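Student:
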Amino acid sequence: MELNEVDKHWLGEARKLAERGRWTCSPNPMVGAIILNGETPVGSGFHMRRGEPHAEVLALRAAGAHSSGATLYVTLEPCAHFGKTPPCADAIIRAGIKRVVSALDDPNPEVAGQGHERLRAKGIAVDVGLCAEEARHDHAGHIARISQGRPHVTLKLAISADGKVGLAGRKPVQITGEAARERVFMMRAQSDAILVGIGTVLADNPQLTCRLPGLAERSPVRVVLDARLSVPLSLSVVSTVRETPTWVFCSTKASPVAEDILQQKGCKVFRVEENNGKLDLAAVLKTLAGEGITRLMVEGGPTVAASFLSADLVDEAVLLRGEKTIGDDGIDPLQGMALTALTDALALRGSEKVGADTLETYERK
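If you're matching positions, the sequence shown starts at 55 in this note's numbering and goes up one per residue.
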């Protein structure tokens with residue numbers, strides 16, 4: 055059956071539904087499902103938490119007998135294997151669904167088209183690819199973790215009107231306004247972890263939390279790159295670790311005593327090898343993926359930002375451009391690199407005003 059505006063509408067509604075699981079479903083992908091019998095929606099569901107029923111199963115339960123002969127709209131291929139839960143494909147077959155409209159094949163090798171093929175083998179019409187571009191963005195963390203063994207990486211930079219990110223001597227300065235600040239808090243809440251270097255921690259003593267009403271508990275894991283384990287215990291990332299988790303990555307040569315002290319405070323410490331005198335970022339990301347992190351927001355300073363870009367580990371970049379100027383003696387956004395090294399390497403996806411500031415989003419070409 056030819057895909058039409060009705061299909062596009064209901065798959066779009068399934069995407070909106072999937073967003074309700076963004077805060078809780080990681081490391082699983084956020085998936086939404088809607089069942090339509092004729093022109094009437096009869097059931098819907100979204101994946102809430104790992105180990106709990108998938109979106110398709112919840113939609114089938116809600117629809118009950120109305121699933122027979124109906125169309126299922128789902129934002130990712132139904133699974134065909136036994137994991138934490140039984141295969142969704144089998145439940146769809148038993149329910150008598152006649153057609154499935156799916157946005158995307160699941161890159162998970164345990165699925166990878168097998169769910170769609172199992173449905174087709176039972177005579178169910180399966181259409182795949184509607185809203186695929188949007189779905190790939192929705193599932194970017196899941197796709198990166200499965201296909202590359204690392205989280206999807208978003209680099210955030212706040213840049214002054216004259217292209218600087220800080221005052222000389224790393225003195226604190228507010229570059230953007232309140233609206234942009236709130237957008238950053240939301241970005242944090244939508245991430246599994248936020249990463250900075252020890253330089254940012256020492257210079258700014260940041261909280262690295264989401265301070266929007268009702269979303270404080272959605273603050274991501276705080277990740278600090280600290281090769282020598284020199285973070286003072288009095289700083290926020292350590293002193294508030296009981297409220298918001300902090301993970302510290304250090305060199306294999308770092309002090310075991312310092313590691314023990316941080317662990318006693320409640321921090322998790324991971325050791326990775328160094329590469330040219332710096333922590334191996336690929337090893338850091340592999341470890342994070344193994345810990346269930348699918349979306350990583352990098353808010354580090356110029357050194358960390360340049361390191362991620364040089365290692366080709368930036369999937370998406372968000373540039374918040376403020377109206378204020380800092381001056382020629384200010385700090386450049388990327389240590390040893392022009393900002394064009396970032397903007398030329400990625401494709402501009404969109405630009406919008408956020409209060410008095412401008413937000414630009416870039417992604418891999």
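Every residue gets a Cβ at the ideal spot worked out from N, C-alpha and C, and that includes glycine.
Values in this document were obtained by computation on a predicted structure and should not be read as measured data.
#1: Unbroken alpha helix (DSSP H) runs of length 4 or more, entirely within the stretch 309 to 377: which are they?
#2: Cβ of residue 313 within 8 angstroms of any heavy atom in the ligand NAP?
#3: Could you round the C-beta distance between residue 251 and residue 384 to whole angstroms and report it? I think they count as a contact, below 8 angstroms.
#4: By the three-class DSSP mapping on this structure, what secondary structure does residue 264 have?
#5: Look up residue 229 in the DSSP assignment and say whether it is helix, strand or coil.
#6: Starting from residue 253 and walking both ways along the beta strand (DSSP E), at which residues does that stretch end?
#7: Taking the beta carbon of residue 161 as the centre, do at least 16 other beta carbons fall within 10 Å, making it buried, or is it exposed?
#8: DSSP has residue 200 in a bridge; who is on the other side?
#9: Residue 276 by DSSP, collapsed to three states: which one?
#10: Can you say whether residue 379 is buried or exposed, counting buried as having 16 or more other CB atoms within 10 angstroms of its CB?
#11: From the DSSP output, which residues share a beta bridge with residue 304?
#12: Taking all protein chains shown into account, do 16 or more other C-beta atoms lie within 10 angstroms of the C-beta of residue 82, making it buried, or fewer, making it exposed?
#13: Which partner residues does residue 209 have in the DSSP bridge list?
#14: When you compare the stretch 336 to 354 with the stretch 208 to 216, are there three or more beta-carbon pairs, one atom per stretch, that lie closer than 8 angstroms?
#15: Buried or exposed, going by whether 16 or more other CB atoms sit within 10 Å of the CB of residue 237?
#16: Could you check the C-alpha separation between residue 14 and residue 152 for me, to the nearest Å?
#17: Who does residue 413 pair with in a DSSP beta bridge?
#18: Grouping DSSP H, G and I as helix and E and B as strand, with all else coil, what is residue 235?
#19: Restricting to runs no shorter than 4 residues, where is the alpha helix (DSSP H) found entirely within the stretch 119 to 180?
#20: Strictly by DSSP, which residues pair up with residue 391?
#21: Can you give me the start and stop residues for the alpha helix (DSSP H) that residue 96 sits inside?
#22: Please name the residue, chosen from 130, 123, 156, that lies closest to residue 147 on a Cα-to-Cα basis.
#23: From residue 85 to residue 304, what does the alpha carbon distance come to, in whole angstroms?
Tutor: To lay it out plainly:
#1: Segments of the alpha helix (DSSP H) lying fully in the stretch 309 to 377: 310 to 319, 335 to 344, 356 to 364.
#2: In terms of ligand content, the structure shown is empty, and the ligand NAP therefore cannot be addressed.
#3: In fact, because the Cβ distance is near 19 angstroms, the residues do not count as touching under 8 angstroms.
#4: Note: residue 264 maps to coil in three-state DSSP.
#5: In this structure, DSSP gives residue 229 a state outside helix and strand, which the three-state scheme calls coil.
#6: Element bounds for residue 253: not the beta strand (DSSP E) but the alpha helix (DSSP H), 252 to 258.
#7: The residue in question, residue 161, is buried, as its Cβ has 16 or more Cβ neighbours within 10 Å.
#8: Note: residue 200 sits in no beta bridge, so no partner.
#9: Note: residue 276 maps to strand in three-state DSSP.
#10: Here residue 379 is exposed: its Cβ has fewer than 16 other Cβ atoms, across all protein chains shown, within 10 Å.
#11: Partner(s): 325.
#12: Label assigned to residue 82: buried.
#13: Among the bridge pairs identified by DSSP, residue 209 is matched with 352, 371.
#14: In short, these stretches touch, since the Cβ pair count reaches three.
#15: Buried, since its Cβ has 16 or more Cβ neighbours within 10 Å.
#16: Residue numbering for the chain in the displayed model covers 55 to 419; residue 14 lies beyond these limits and cannot be assessed.
#17: Paired residues: 374, 406.
#18: Note: residue 235 maps to helix in three-state DSSP.
#19: Complete alpha helix (DSSP H) runs here, min 4: 142 to 149, 168 to 175.
#20: Listed as beta-bridge partners of residue 391 by DSSP are 388.
#21: Counting along the chain, residue 96 falls outside any alpha helix (DSSP H), though it belongs to the beta strand (DSSP E) covering 94 to 100.
#22: Among 130, 123, 156, the Cα nearest to that of residue 147 is on 123.
#23: The alpha-carbon atoms of residue 85 and residue 304 are separated by roughly 35 angstroms.
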